[in-house]
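First comes the structure, then the notes that go with it.
Protein chains: 2
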Amino acid sequence: MLTAEIIAVGSELLTPTKIDTNSLWLTERLNELGVELKLKTVVGDDPARLEETVRDALGRSDLVFVTGGLGPTEDDVTRQVAAAAVGLPLVYHQDLEDNLRERFRRWGREMPEINKRQAWVIDGAEVLPNPNGSAVGMYVDLGGTRLAVLPGPPRENQPMFNDFVLPKIREFSGAIVFRRRVLKVSGIGESALDEQIAPIYSAYEDVQTSVLFNKSEVEVHLRAAASTAEEGDRINAEIAGKIVEKLGIAVFSTEGEEMEQVVARILVDRGETVSVAESCTGGIVAQRLTDIPGSSAYFVGGVAAYANEMKTGMLGVPADLIERFGAVSREVAEAMAQGMRERADTTYAVSITGIAGPAGGTEDKPVGTVYVGFASGDCIRSLHLLLPGDRYLVRWRASQAALDYLRRQILKN
Amino acid sequence: MLTAEIIAVGSELLTPTKIDTNSLWLTERLNELGVELKLKTVVGDDPARLEETVRDALGRSDLVFVTGGLGPTEDDVTRQVAAAAVGLPLVYHQDLEDNLRERFRRWGREMPEINKRQAWVIDGAEVLPNPNGSAVGMYVDLGGTRLAVLPGPPRENQPMFNDFVLPKIREFSGAIVFRRRVLKVSGIGESALDEQIAPIYSAYEDVQTSVLFNKSEVEVHLRAAASTAEEGDRINAEIAGKIVEKLGIAVFSTEGEEMEQVVARILVDRGETVSVAESCTGGIVAQRLTDIPGSSAYFVGGVAAYANEMKTGMLGVPADLIERFGAVSREVAEAMAQGMRERADTTYAVSITGIAGPAGGTEDKPVGTVYVGFASGDCIRSLHLLLPGDRYLVRWRASQAALDYLRRQILKN
Numbered sequence: 486m487l488t489a490e491i492i493a494v495g496s497e498l499l500t501p502t503k504i505d506t507n508s509l510w511l512t513e514r515l516n517e518l519g520v521e522l523k524l525k526t527v528v529g530d531d532p533a534r535l536e537e538t539v540r541d542a543l544g545r546s547d548l549v550f551v552t553g554g555l556g557p558t559e560d561d562v563t564r565q566v567a568a569a570a571v572g573l574p575l576v577y578h579q580d581l582e583d584n585l586r587e588r589f590r591r592w593g594r595e596m597p598e599i600n601k602r603q604a605w606v607i608d609g610a611e612v613l614p615n616p617n618g619s620a621v622g623m624y625v626d627l628g629g630t631r632l633a634v635l636p637g638p639p640r641e642n643q644p645m646f647n648d649f650v651l652p653k654i655r656e657f658s659g660a661i662v663f664r665r666r667v668l669k670v671s672g673i674g675e676s677a678l679d680e681q682i683a684p685i686y687s688a689y690e691d692v693q694t695s696v697l698f699n700k701s702e703v704e705v706h707l708r709a710a711a712s713t714a715e716e717g718d719r720i721n722a723e724i725a726g727k728i729v730e731k732l733g734i735a736v737f738s739t740e741g742e743e744m745e746q747v748v749a750r751i752l753v754d755r756g757e758t759v760s761v762a763e764s765c766t767g768g769i770v771a772q773r774l775t776d777i778p779g780s781s782a783y784f785v786g787g788v789a790a791y792a793n794e795m796k797t798g799m800l801g802v803p804a805d806l807i808e809r810f811g812a813v814s815r816e817v818a819e820a821m822a823q824g825m826r827e828r829a830d831t832t833y834a835v836s837i838t839g840i841a842g843p844a845g846g847t848e849d850k851p852v853g854t855v856y857v858g859f860a861s862g863d864c865i866r867s868l869h870l871l872l873p874g875d876r877y878l879v880r881w882r883a884s885q886a887a888l889d890y891l892r893r894q895i896l897k898n
Numbered sequence: 486m487l488t489a490e491i492i493a494v495g496s497e498l499l500t501p502t503k504i505d506t507n508s509l510w511l512t513e514r515l516n517e518l519g520v521e522l523k524l525k526t527v528v529g530d531d532p533a534r535l536e537e538t539v540r541d542a543l544g545r546s547d548l549v550f551v552t553g554g555l556g557p558t559e560d561d562v563t564r565q566v567a568a569a570a571v572g573l574p575l576v577y578h579q580d581l582e583d584n585l586r587e588r589f590r591r592w593g594r595e596m597p598e599i600n601k602r603q604a605w606v607i608d609g610a611e612v613l614p615n616p617n618g619s620a621v622g623m624y625v626d627l628g629g630t631r632l633a634v635l636p637g638p639p640r641e642n643q644p645m646f647n648d649f650v651l652p653k654i655r656e657f658s659g660a661i662v663f664r665r666r667v668l669k670v671s672g673i674g675e676s677a678l679d680e681q682i683a684p685i686y687s688a689y690e691d692v693q694t695s696v697l698f699n700k701s702e703v704e705v706h707l708r709a710a711a712s713t714a715e716e717g718d719r720i721n722a723e724i725a726g727k728i729v730e731k732l733g734i735a736v737f738s739t740e741g742e743e744m745e746q747v748v749a750r751i752l753v754d755r756g757e758t759v760s761v762a763e764s765c766t767g768g769i770v771a772q773r774l775t776d777i778p779g780s781s782a783y784f785v786g787g788v789a790a791y792a793n794e795m796k797t798g799m800l801g802v803p804a805d806l807i808e809r810f811g812a813v814s815r816e817v818a819e820a821m822a823q824g825m826r827e828r829a830d831t832t833y834a835v836s837i838t839g840i841a842g843p844a845g846g847t848e849d850k851p852v853g854t855v856y857v858g859f860a861s862g863d864c865i866r867s868l869h870l871l872l873p874g875d876r877y878l879v880r881w882r883a884s885q886a887a888l889d890y891l892r893r894q895i896l897k898n
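First to last, the protein sequences are chains A and B.
Just so it is clear: in the first sequence, position 327 is 812 by my numbering, and no numbers are missing.
Just so it is clear: in the second sequence, position 275 is 760 by my numbering, and no numbers are missing.
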């Protein structure tokens, strides 16, 4: 199996506020090609350390990617350092300068002389064109080990990889590709899920399966090794099918979608609409449902009924219900959903009332107590939850639970 | 100036879905101590590569941090690899085993034999206690170069650094500390801002200033080098004061706060309340205002009035206003704010109506057209914006603009 390293260049990536996220995308592409990432390094604009890092990487990995540091300023040291690391001179490419001048002219500007620095290329390297920026990339085959130097910005880096580097790797990356697929499951814990599906996935030797808990759901990551992408996808689909057969409605996505995307798809397919009444989540469910382009097809509106007066005034929750059972109660959740649905005239409504903390908990109703309500034309229901976590997590998990409750109620009909 | 490297260990950090964020916290602490981070590496559970990485790091940096890989399983190779890299044997600490057994017993469990692996420590290393987990840390002074091996989980790693590593570094880190301060500014571009404040910050030689654009605001990061923390804080405060004097109300925070925290503080200080009526943002403003603990003190409620029927039915926007001017108009924004404020009975109300895209734009009102409305007891106003970006960014920027408009209107009174 081929091994790779990624070296990200830039002093800003060594500050407390910035992180290299570029490499995540590149890792996924490499894995799909059957290449395993063995090391990631972040180096500042420090020629000595960068040269050492590139040289070390070339000594132990089949593929070395250097990203960033190709700009026109003094701080951009990648070009000369990469050349030094492979022991080759830089050569001036007049055609690159001409291209750059032409490009600046089209923008109605004169090319600053400093940009001539971007016309220097490692001797013998293949120039990788950059339609989205001024820095070209470089690809050098050092007899077995390959070095690819790519610009830092994702919108330059990613197309350059896809168009020029990927085809090259495919030529020698051998017979195996990796294909990923993510299933998402609600309402069942990590270990219980693993216990149920282990007999399914362990029958597939060429698939690496991981079961991960993520905030309020469990994800099943499949990574099939196969001789073609189609074969890998087929194996993943086969396992996904068996897991759905086993777990049923608990699997809310076999394509790695977010819960709101799944709910949106179901509503659009059925030509139905929804409205939401939220207390402790204060608009998270409405915001998630409207994150999706085209959400006006199914989302009519919502009320963030934080104060009790909002619940009575805008949703018609009877004040005596709040008095008798408390604002955080099954009765109020149901009245909120019912009132919301009537006022917005939607197929369904969901509601949330709860205690997100840190204050407001009591012995009877501790922080994390949440009621989710649901109303359709012919039924009103609710769900009682005790959610763990801090304010952020309780609110997030309540929103996820409400969307999942909506999904399950719709699918049960 | 002392230099440091951070090596994060774990194969999961080399997948497309996980990233090392631990190092950000550590970087900030190191910078505060006047230590500069020169390199970050992520290595998998691969003994040969890890040993090489640790050895290389010790050869060039004053301080080397290795985080993660201290668990009890076969995959956890950091302990033996770190020992090999410094050329020292591992020594068994019976007292650590006894402690672990005792700890498991308190949890009502038997210590698995595998955990005995966690009682091996590099010969001569100082043991760093871990009250929050089973893996102790190690600190080795190799005569000039120092190696600190810390567990991966932040809630183990961070207290261990603060309690045991930080005091040691302070002993030899010399006379200089770094102190950071972040100012946030709205309504002015990056270059225009820089032009205005450069004469202020360039007078301070020991302060490194960076001006960064972040989604919908500009941040000014100050990093003062000083002989004491107090002195550094004093210099930062002096510069912050001068910038506020120059820019006035445009500076919405001198403490790096989020816009919603600033608005919340202002409302709480004044004992006032707010409600929000949102169309294209579908609840983002309500959600942001309720993210903050204790938000019921100032937030009464909101309406996500996505469909026109919600605007007329729940906010009392006259239907003929929508017909004449369109749902995305100054008139409707103002009517939404006014209707919201009356219904929620709050000191202020803000509203948003706009076109977030990707569809829905026209020649007159392209994607990104947003109107923000404001209502108080004695005035109703609005703001017209044309926001750049995709759906996510338009929605985010609209929510930020609405909160900022609210802030400015309140402060102008």
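For every residue, glycine included, the Cβ atom is placed at its ideal position computed from N, Cα and C.
- Using a Cβ distance threshold of 8 Å, A/D889 and A/M799 do not count as a contacting pair.
- Listed by position along chain B, the residues whose Cβ is nearer than 9 Å to that of A/F784 are G767, A789, Y791 and A792.
- Contact between the segment 739 to 759 of chain B and the segment 775 to 787 of chain B is present: three or more C-beta pairs spanning the two stretches fall below 8 Å.
- Taking CB atoms only, A/K523 has a neighbour in chain B less than 8 Å away.
- Taken through DSSP and simplified to helix, strand or coil, A/L806 comes out as helix.
- At least one CB of chain A lies nearer than 8 Å to the CB of B/T526.
- The beta carbons of A/V606 and A/V576 sit about 6 Å from each other, so the pair counts as a contact at 8 Å.
- C-alpha of A/E848 to C-alpha of A/T854: approximately 11 Å in a straight line.
- Under the criterion of beta carbons closer than 8 Å, A/A620 and A/H578 do not qualify as touching, at roughly 13 Å.
- The contact set of A/T506 on chain B, defined by CB atoms closer than 7 Å, consists of I504 in chain order.
- Annotated three-state conformation of A/V562 is coil, per DSSP.
- When Cβ pairs closer than 8 Å are counted between the two stretches, the segment 632 to 649 of chain B is seen not to touch the segment 587 to 600 of chain B, the count staying below three.
- Residue pairing from DSSP places B/Q693 in a beta bridge opposite B/R708.
- For B/E743, not one C-beta of chain A is nearer than 8 Å to its own C-beta.
- In the three-state scheme derived from DSSP, where H, G and I count as helix and E and B as strand, A/M623 is classed as strand.
- Residues of chain A with a Cβ closer than 7 Å to the Cβ of B/S671 do not exist; the shortest Cβ-Cβ separation is about 19 Å.
- Taking every protein chain shown into account, the CB of A/K523 has 16 or more other CB atoms within 10 angstroms, so this residue is buried.
- For A/E808, no Cβ of chain B is located within less than 8 Å of the residue's own Cβ.
- Under the three-state reduction of DSSP, B/G659 is assigned to coil, being neither helix nor strand.
- Exclusion of the five residues before and after A/L891 leaves V748, V759, Y833, V835 and F859 as the residues of its chain whose Cβ lies within less than 8 Å of its Cβ.
- For B/K850, the secondary structure class from DSSP, reduced to helix, strand or coil, is coil.
- Restricted to the segment 571 to 654 of chain A, the alpha helix (DSSP H) segments that are unbroken, complete and at least 4 residues in length are 579 to 591 and 639 to 645, listed in chain order.
- In this structure the segment 806 to 821 of chain A does not touch the segment 785 to 795 of chain B; the number of beta carbon pairs closer than 8 Å is below three.
- With contacts defined as CB atoms closer than 8 Å, A/P636 and A/G622 qualify as a contacting pair.
- Taken in chain order, the complete beta strand (DSSP E) segments of 3 or more residues contained in the segment 512 to 563 of chain A are 520 to 528 and 548 to 552.
- Residue-level contact check: A/A569 does not touch chain B, since none of the beta carbons of chain B fall below 8 Å from its beta carbon.
- Listed in chain order, the non-local C-beta contacts of B/A735 below 7 Å within the same chain comprise V670, S671, G672 and I673, local neighbours out to five positions each way being set aside.
- DSSP places A/Y791 in the coil class of the three-state scheme, outside both helix and strand.
- Residue contact with chain B for A/G529: present (Cβ-Cβ distance below 8 Å to some residue of chain B).
- Close CB contacts of A/K700 within its chain, under the 8 Å cut and outside five residues either way in sequence, are with L878, W881, R882 and Q885 (chain order).
- Counting C-beta atoms within 10 angstroms of its own C-beta, A/F550 has 16 or more neighbours from the protein chains shown and is therefore classed as buried.
- Per DSSP, reduced to three states, the secondary structure at A/K503 is coil, with no helix or strand assignment.
- A/T775 has a beta carbon lying within less than 8 Å of a beta carbon in chain B.
- Counting only the Cα atoms, A/A844 lies some 22 Å from A/A887.
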